[in-house]
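Residues 37 to 198 in our numbering are what the sequence shown spells out, letter by letter.
Even for Gly, the Cβ is constructed at its ideal location relative to N, Cα and C.
Predicted model, so just to flag it, every value in this text is computed and none were measured.
Report on the structure given below.
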Amino acid sequence: MTENLSDTTPGSEVRALLRTLDGQRRHVLDILDGLDPKDLRRPLLPSGWHCLGLVQHLALDVERFWFRAVVAGDEEVIHSLTSGDDAWQVAPEVPAADVLDRYRREAELADAVITATAADAALAWWPHDLFGEPHLHTLRDVLLHVITRPRATPATSTRSES
């Protein structure tokens with residue numbers, strides 16, 4: 037973590053944005069609740085895209101990437117980032133429950149960053165190799181980006197080695 041974390045409780049703006057994000061997270065999990073692990077892996081598109089791949093993408097390329105890497109500057113996370121569409125690929129031996137649990141854990145870790153960071157706090161790290169010059173500058177910008185961007189598009193996961 038870096039110096040952009042505050043010792044205060046989150047302001048009303050951050051709490052409101054976090055409630056919206058949490059609603060989106062619950063929506064994803066509620067839609068998948070009760071599906072058989074086989075159904076979670078059933079390809080829905082010719083590319084082989086499946087629901088479990090989406091959840092893993094949300095865990096790694098959204099929750100972990102934007103909040104733990106970009107907002108908090110967590111060096112361990114930054115160095116562990118992979119390139120390409122790796123997050124969309126769930127190995128057959130990985131239980132579906134493990135992917136869903138990882139998403140929940142990454143959301144909790146992201147929440148810890150969000151609630152400890154002021155809305156206007158500068159970002160701790162920016163992936164210049166992926167996005168060029170920063171177009172997001174604060175926690176507020178990242179929250180709005182994550183809340184408003186399409187969450188089910190495989191093209192959103194492409195990333196270079198960090």
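Check: Once the 5 residues before and after residue 53 are set aside, which same chain residues still bring their CB inside 6 Å of it?; Outcome: 179
Check: Jot down the residue ranges of each uninterrupted alpha helix (DSSP H) in the region 51 to 118, minimum 4 residues, whole runs only, in chain order.; Outcome: 73 to 76, 87 to 93 and 111 to 116
Check: Could you pull the start and end residues of the alpha helix (DSSP H) that residue 156 belongs to?; Outcome: Here residue 156 belongs to no alpha helix (DSSP H), and DSSP marks it neither H nor E.
Check: Taking the alpha-carbon of residue 177 as reference, which of 114, 157, 169 and 166 has the nearest alpha-carbon?; Outcome: 157
Check: Just how far apart, CA to CA, sit residue 86 and residue 105?; Outcome: 26 Å
Check: Anyone know if the C-beta pair for residue 132 and residue 73 falls short of 7 Å?; Outcome: yes
Check: Going along the chain, which residues of its own chain have a beta-carbon closer than 7 Å to the beta-carbon of residue 40, five neighbours each way excluded?; Outcome: At residue 40, the pLDDT of 48 sits below 50, so the modelled position is not reliable; the number obtained from the coordinates is stated separately. 153, 157, 158 and 160.
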